[in-house]
């Protein structure tokens, strides 16, 4: 009997889909022969027409060398050093059109032409409509070039890691190997998918063509031809008014501690604090009966909706806090994703339950899918994948109180346990089978 979640191995040749060979055939087809019509002849002589689109075919084809991304491909995510940030996460720039220019060195004539072309259009490269990123492999550029914000930034790709990831150099290229470098522009949409790739030509960088293409695009919020909805759930009535009032009362009685965020540093997940990126205070809920009551409401009112929409069965809940974004503190949280470190990779869904509504600002938005922001009613939840870029706008009046857990399943719990040693300086004691940590 095949265990749930396990598939047989597949091999794929380049000739046709007919060459997909399953080493472990589906139950009931062992010993069957193929009919002239493509169905499977069973032992009783009947024909079962099991076409490829009705079988579960794992996609395991992996290229031996990374090509330059093509239109429709996701732009590979990366973190690289820049003039303003030693670990600039390119994903964090989503929500506008992005231009990556692999130019090799700013000292080269075609690179200078490319830079002059984009520098002449600050109306385009203003961080609202578009942002420009130059990727240089020349260490001398660190003394020649600098970010010019809004709109213009550099990546110091001296180890060629980004160039390799994007197919600008061969996978086995070494720093300084400029002969193998492919120079090109990449135009990327607000959801980090490629719109166009434009190579440098011997006589021109193609910058004018790139700018003309960008000029012709619709506003970022209508990049798909119309405004689209972020792939989120909005669920009213998760908490009753009395429960919301009780949770707010706990925070007001005990206060909260400054809340930082997680960052990957030298392969470890560490907590950091940067009030320019995040200003929030949290109160940790320790009452076991209250924790059980919160879990019960999620099991009845949130878990079934996630299963219906995403076909994902939640079994674990992380973090029981009452959070406060206060106007007096400039409460906000800059654009981020919730699962980008080893210590947070297990997180599958984030939930934001508003406990009140007597505040201005503090709304959740998803820049990849447009400027619209969301303010759930008191007791209502916004549920979204931890992979989505999101941010919380600055609270300008009052205080926004919220309950902010993460949800995942047993498989993700095992991932969390495997990565526990990478959390903080000394690692985490998390164990997936520990009943005290299963909640």
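In the working numbering, the protein residues as written are 551 to 989.
Every residue gets a Cβ at the ideal spot worked out from N, C-alpha and C, and that includes glycine.
Since we're looking at a predicted model, the values are computed, not measured.
- Message: What does the Cβ neighbour count give for residue 858, buried or exposed, with the cut at 16 atoms within 10 Å?
- Response: Position 308 of the chain shown, counted from the start, is the residue given in the question as residue 858. Classification of residue 858: exposed, given that the 10 Å Cβ count is below 16.
- Task: May I ask which residues mark the beginning and end of the alpha helix (DSSP H) holding residue 801?
- Result: Taking the chain shown and counting its residues from 1, one reaches residue 801 at position 251. Unbroken alpha helix (DSSP H) run through residue 801: 791-804.
- Message: Assess contact between the stretch 896-914 and the stretch 816-834, defined as three or more Cβ pairs (one per stretch) separated by less than 8 Å. Is contact present?
- Response: no
- Query: Using CA coordinates, which residue listed in 717, 721, 719 and 682 is at the minimum distance from residue 705?
  - Reply: If you number the chain shown from 1, residue 705 lands on position 155. With distances taken between Cα atoms, residue 705 lies closest to 682.
- Message: Just to confirm, is the Cβ distance from residue 902 to residue 853 under 7 Å?
- Response: Stepping through the chain shown from its first residue, residue 902 is reached at position 352. Stepping through the chain shown from its first residue, residue 853 is reached at position 303. It is not a contact, given that the beta carbons lie outside the stated cut-off.
- If you run the structure through DSSP and keep just helix, strand and coil, what is residue 629? Working through the chain shown from its first residue, we reach residue 629 at position 79. In this structure, residue 629 counts as strand in the three-state DSSP scheme.
- Item | Secondary structure of residue 622, DSSP reduced to three states | To locate residue 622, count along the chain shown from 1; it is residue 72. Looking at residue 622 - three-state DSSP - the assignment turns out to be coil, as it is neither helix nor strand.
- Message: Three or more C-beta pairs under 8 Å: does that hold for the stretch 775-793 against the stretch 687-702?
- Response: no
- Task: Measure the beta-carbon distance from residue 886 to residue 642 and round it to whole angstroms, keeping in mind my assumption that it falls under 8 Å.
- Result: Numbered from its first residue, the chain shown carries residue 886 at position 336. Numbered from its first residue, the chain shown carries residue 642 at position 92. Sure, about 7 Å apart at Cβ, within 8 Å.
- Task: Would you check if the distance between the CB atom of residue 914 and the CB atom of residue 940 is smaller than 7 Å?
- Result: In the chain shown, the residue the question calls residue 914 occupies position 364. In the chain shown, the residue the question calls residue 940 occupies position 390. Cβ distance < 7 Å, so residue 914 and residue 940 count as in contact.
- Name, in chain order, the residues that DSSP records as bridge partners for residue 680. The residue you call residue 680 lines up with position 130 of the chain shown. DSSP lists 647 as partners of residue 680.
- Report, in whole angstroms, the separation of the C-beta atoms of residue 665 and residue 656, which I expect to be a contact under 8 Å. As a position in the chain shown, residue 665 is number 115, starting the count at 1. As a position in the chain shown, residue 656 is number 106, starting the count at 1. At roughly 6 Å, the Cβ-Cβ gap stays under 8 Å, so residue 665 and residue 656 are in contact.
- Task: Please look up how many angstroms separate the CB atoms of residue 652 and residue 716, rounded, as I've assumed it's under 8 Å.
- Result: Within the chain shown, residue 652 is the residue found at index 102, counting from 1. Within the chain shown, residue 716 is the residue found at index 166, counting from 1. Confirmed, about 7 Å.
- Message: Just verifying my parser: in three-state terms, what is the DSSP assignment at residue 753?
- Response: Taking the first residue of the chain shown as position 1, residue 753 is located at position 203. Reduced to three states, the DSSP call for residue 753 is coil.
- Task: Spell out a yes or no on whether the stretch 758-776 and the stretch 866-880 are touching, meaning 3 or more CB-CB pairs, one atom from each, closer than 8 Å.
- Result: no
- Query: Got a sec? Which residues, its chain only, sit under 7 Å from residue 612 by beta carbon, not counting five neighbours each side?
  - Reply: The residue you call residue 612 lines up with position 62 of the chain shown. Since pLDDT at residue 612 reaches only 45, below the 50 mark, its modelled position is unreliable, and no value is offered.
- Message: Once the 5 residues before and after residue 780 are set aside, which same chain residues still bring their CB inside 6 Å of it?
- Response: To locate residue 780, count along the chain shown from 1; it is residue 230. Answer for residue 780: 916 and 919, listed in chain order.
- Contact check, residue 911 vs residue 865, beta carbons under 7 Å: As a first step, residue 911 must be located in the chain shown, where it is residue number 361. As a first step, residue 865 must be located in the chain shown, where it is residue number 315. Contact flag unset, no.
- Determine, using beta carbons only, whether residue 740 and residue 671 come nearer to each other than 7 Å. In the chain shown, the residue the question calls residue 740 occupies position 190. In the chain shown, the residue the question calls residue 671 occupies position 121. No, these two residues do not count as a Cβ contact at 7 Å.
- Query: So, helix, strand or coil for residue 979, using DSSP?
  - Reply: Taking the first residue of the chain shown as 1, we reach residue 979 at position 429. It is coil, neither helix nor strand.
- What residue does the beta strand (DSSP E) around residue 904 start on, and which one ends it? Translated into the one-based positions of the chain shown, residue 904 becomes position 354. Per DSSP, residue 904 belongs to the beta strand (DSSP E) from 899-904.
- Can you have a look at residue 755 and say buried or exposed, based on whether 16 or more other CB atoms are within 10 angstroms of its CB? Here residue 755 is taken as the residue at index 205 of the chain shown, counted from 1. Buried is the call here.
- Within 10 angstroms of the Cβ of residue 935, are there 16 or more other Cβ atoms? Answer buried if so, exposed if not. Start at 1 with the first residue of the chain shown, and residue 935 comes out as number 385. Buried is the call here.
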